Amino acid sequence: MGIVWADPDFAPALKAFYYARVIEIPTPHWTADDRVKYDQDLPVTVPFKIQDRAYTSLIWYTQQG
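Numbering-wise, the sequence shown is residues 2 to 66 according to my numbering.
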C-alpha cells in the first residue's frame, strides 16, 4: 500500500518542512496469544489488539541556488 501527497500550497521560493505520520492496521497483542495458548479468561481491561503509530524525521526543503 502506498500514498502520494502533494502540497497544494507549495511555493518553491519558500523554505518548508514536512513529516509523515502512519497508523498500523490493528494487530493482535501478545496477550491475545497467551489467552489462546493457555486458555485463559483475562479481564476486559487487558488489550487484545494494538495499533502502532509512527512518524518520520523532518524532511526539509530549501530552494537551491
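All residues carry an ideal CB built from backbone N, CA and C; glycine is no exception. Owing to the predicted nature of the structure, the values given are computational and were not obtained by experimental measurement.
8 Å CB neighbourhood of residue i in its chain, flanking five on each side removed
| i | result |
| --- | --- |
| Tyr-62 | Lys-16, Ala-17, Phe-18 and Tyr-19 |
| Pro-13 | Gln-64 |
Helix, strand or coil at residue i according to DSSP, with G and I counted as helix
| i | result |
| --- | --- |
| Ala-12 | coil |
Those residues which DSSP pairs with residue i across a bridge
| i | result |
| --- | --- |
| Ile-24 | Arg-54 |
| Ala-17 | Tyr-62 |
Cut-off 7 Å between Cβ atoms - residues of its own chain near residue i, not counting five sequence neighbours on either side
| i | result |
| --- | --- |
| Leu-59 | Phe-18 and Tyr-20 |
Original post:
Which residue spans inside the region 38-63 form an unbroken beta strand (DSSP E) run of at least 3?
Top reply: 54-56 and 60-62, all fully within the region 38-63.
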